[in-house]
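Colleague: In this text, residue positions in the sequence shown follow the numbering used here: the first is 3, and each later residue adds one. Below is one structure. I have some questions about it.
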Amino acid sequence: MRILHRNRRPGRYEIDMTTGPLIPKILQFSLPLILTGILQLLYNAADVIVVGNFAGHTALAAVSSTGSLINLLVNVFMGLSVGASVVIAQSYGAGDVQRMRKAEHTAMTLALFMGVGVGIMGFCVARPLLLWMDSPADVIDGATLYVQIYFLGMPANMLYNFGAATLRALGDTRRPLYYLTISGLVNVALNLLLVIVFHMAVAGVAIATVISQVVSMVLVLLCLLRSHGVMKLELKECRVDRRSALEMIRVGLPAGIQGSLFSISNVLIQSSINSFGSLVVAGNGVASNIEGFVYTAMNAQHQACMTFASQNYGAGKADRVRSTLWSCLGIVLVIGLGMGLLVYAFGVPLMSLYNQDPEVIANGLIRMSIILPTYFLCGMMDVMVGQLRGIGYAIMPMIVSLAGACGLRVIWILTFFAANPTLQVLYASYPISWGVTFAIHLLCYLIVAGKKLKQLSPRS
3 MRILHRNRRP GRYEIDMTTG PLIPKILQFS LPLILTGILQ LLYNAADVIV VGNFAGHTAL
63 AAVSSTGSLI NLLVNVFMGL SVGASVVIAQ SYGAGDVQRM RKAEHTAMTL ALFMGVGVGI
123 MGFCVARPLL LWMDSPADVI DGATLYVQIY FLGMPANMLY NFGAATLRAL GDTRRPLYYL
183 TISGLVNVAL NLLLVIVFHM AVAGVAIATV ISQVVSMVLV LLCLLRSHGV MKLELKECRV
243 DRRSALEMIR VGLPAGIQGS LFSISNVLIQ SSINSFGSLV VAGNGVASNI EGFVYTAMNA
303 QHQACMTFAS QNYGAGKADR VRSTLWSCLG IVLVIGLGMG LLVYAFGVPL MSLYNQDPEV
363 IANGLIRMSI ILPTYFLCGM MDVMVGQLRG IGYAIMPMIV SLAGACGLRV IWILTFFAAN
423 PTLQVLYASY PISWGVTFAI HLLCYLIVAG KKLKQLSPRS
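Set out below in C-alpha cells:
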C-alpha cells in the first residue's frame, strides 16, 4: 500500500519534512526534543541532587558513577531504535505505509524481548563490571544496588524508547515531551518521598527512576494503541518481520556497537577517574550531569538531521537532504558554543545545587573548564553521523567514530595520561577526539555521500 505523501496532509502532531522552509521546521521538530532531553536529565539530576544533599558524597558517587556502565550494556540494543526510526521515516517519506507499519510492529516486538534480556543481563553482571572499573570500596555496594534496580526497569525503558522513536520518525516530538513531563514529576516526587522520608538513599532514587520509566512506557503505548492514523499499533500485528528487522539491524546495529564501544572508552575514563577517589568521582559526576543539559540541546539537532534526511531521502529530494545538514550544523554550533560558555560561567552556583562540599565543586570545575567551551565540536560530530545514517550509511560513521573518537581516547589514556596522570590531561581527550572525528566525517561525506545523493530522483 502506498500513498502520495506530498499530497497527504500531515496529522496534528506530524511535520511534513519534505516541503516548505527547512530551518523553521527543524526548530519545530527539535525544540520539543530539547525539552524532552532536559526532562530526562532532570530524572538524573533529581537523583543526584536529592542523594547528594540528603545522603552524602559517598551515595552521590555511587549514583553518579554508574552512567558509563549502564550505557555500555544498553547502547547496542538502543541503537536498534535508531535503525527503527530511520526505516520508518524513509518509508513515510516514500509514502510506503505497509513497509512503515511492518517496521513499527517489528520494532515494538523487538523492544519487549530485548528489554527483558538486557534487564536480566545487567542485573547479573553489575557488580563484576563495577569491580573491573575499580569502583572505590566505599562506593561499590551502593553503585551495584543502583544498577541492579535500574535494570529491573529495562523492559519499560526499551518499550518507551522504541515507541518514542516511532513518533519522532513521523515528526511528532511533542507527545513524548508531554509524557516525560508527567513521568518526570512522578520521579521527583518519589525521590523526595523515598530518600528524605523513608531514608532509602541509593535504593530510593533507583526505585523512583524505574517507576517513572514505567509511567512513560504506559503513556506512549496508549498513544500508539489509540491512534487513528498510520502509526496505530495493533497488538495482533506485533511480530518480527524479517525484512524490517534486517533493515533496522543494518542501520541500527552499527549505531549500537558504536555507542557501546564509545562507552568502553568512557568506562576506561571513568576507571581512571575512580583512581582519584570518591571526591573526584562525585565532582566529575556532578559536572557531567550539568554538561548533559548542553549535550541534549545539541543532540536534538542530530535527531533532526537524521529524521529530516531520512524522510527527504525516501522522497528522493537530494537538495533538501544537503540543506538539512548545513542548517543543523549551523544551529548546533550556535547552541553548543552559546550554552557551553553560559553554563561554565555559572559553574559554581550550578554545582552547589548538587553538593556543597568545596572539594567536590573544585574537582567538577576542572572538568567543566575543558569540556564546556569545546562542546560544540561534539554536537557537530553527532550531526554528521545523523546525516550519514539518515541516507542509509551505517558502517562508515561507525568505523570513523570508533577510530577517531573511541580509539583516539584509548590511545590518549594509555600514552599521554599514563605519562601525565592529571585530570586536565585526562579530560583533554574529549575535545581532541571530537574535533578529529568531525573533520573525518565531513571529508567522508563530501567524497562518498555526494555521489549517492546525485542518484536520487523525486518520488511522485
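A virtual CB, placed ideally from N, CA and C, is assigned to each residue, including glycine.
Terminal residues of the continuous alpha helix (DSSP H) containing Y429?
Modeller: Run containing Y429: L425 to Y429, per the alpha helix (DSSP H) assignment.
Colleague: Are there three or more Cβ pairs, one per stretch, closer than 8 Å when the stretch 134-148 is compared with the stretch 98-111?
Modeller: The answer is no - the stretch 98-111 does not touch the stretch 134-148, with fewer than three Cβ pairs under 8 Å.
Colleague: Is DSSP giving D98 helix, strand or coil here?
Modeller: Reduced to three states, the DSSP call for D98 is strand.
Colleague: Measuring straight from C-alpha to C-alpha, what distance separates K453 and T211?
Modeller: Between K453 and T211, the C-alpha separation is close to 46 Å.
Colleague: What does the alpha-carbon distance come out to for the pair L41 and F378?
Modeller: Roughly 21 Å between the two C-alpha positions.
Colleague: What did DSSP end up calling N357 once you bin it into helix, strand or coil?
Modeller: Coil at N357, not helix or strand.
Colleague: DSSP three-state call for F278: helix, strand or coil?
Modeller: DSSP places F278 in coil when its eight states are reduced to three.
Colleague: So what's C380 in DSSP terms, helix, strand or just coil?
Modeller: Reduced to three states, the DSSP call for C380 is helix.
Colleague: Could you give the distance in angstroms between the alpha-carbon of V65 and the alpha-carbon of I449?
Modeller: Approximately 44 Å, taken between the alpha carbons.
Colleague: How should T38 be labelled, buried or exposed, when 16 other C-beta atoms within 10 angstroms of its C-beta is the threshold for buried?
Modeller: Its Cβ being crowded by 16 or more others within 10 Å, T38 is buried.
Colleague: Nearest by alpha-carbon distance to L131: which of T68, M156 and N163 is it?
Modeller: Among T68, M156 and N163, the Cα nearest to that of L131 is on T68.
Colleague: Between G261 and G81, how many whole angstroms is the CB-CB distance? I'm expecting something under 8 Å.
Modeller: Between G81 and G261 the Cβ distance is about 6 Å, and since that is below 8 Å, they are a contact.
Colleague: Could you give the first and the last residue of the continuous alpha helix (DSSP H) run that contains C225?
Modeller: From DSSP, the alpha helix (DSSP H) with C225 extends over A203 to R228.
Colleague: Below 8 Å on the Cβ atoms is my guess for E293 versus L374; work out the distance and round it to an integer in Å.
Modeller: The pair is a contact, with the Cβ atoms about 6 Å apart (cut-off 8 Å).
Colleague: How long is the line joining the alpha carbons of F388 and V323, rounded to whole angstroms?
Modeller: The sequence given here places Gly at residue 388; Phe does not occur at that position. So the two alpha carbons sit approximately 11 Å from each other.
Colleague: How about V120 and A166: do their beta carbons lie closer than 8 Å?
Modeller: Contact flag unset, no.
Colleague: Find out if the Cβ-Cβ distance for the pair F125, G258 is shorter than 8 Å.
Modeller: Taking 8 Å as the Cβ cut-off, F125 and G258 do not qualify as a contacting pair.
Colleague: By alpha-carbon positions, which one of Y94, T326, L71 and D359 ends up nearest to V269?
Modeller: Of Y94, T326, L71 and D359, the residue nearest in Cα terms is L71.
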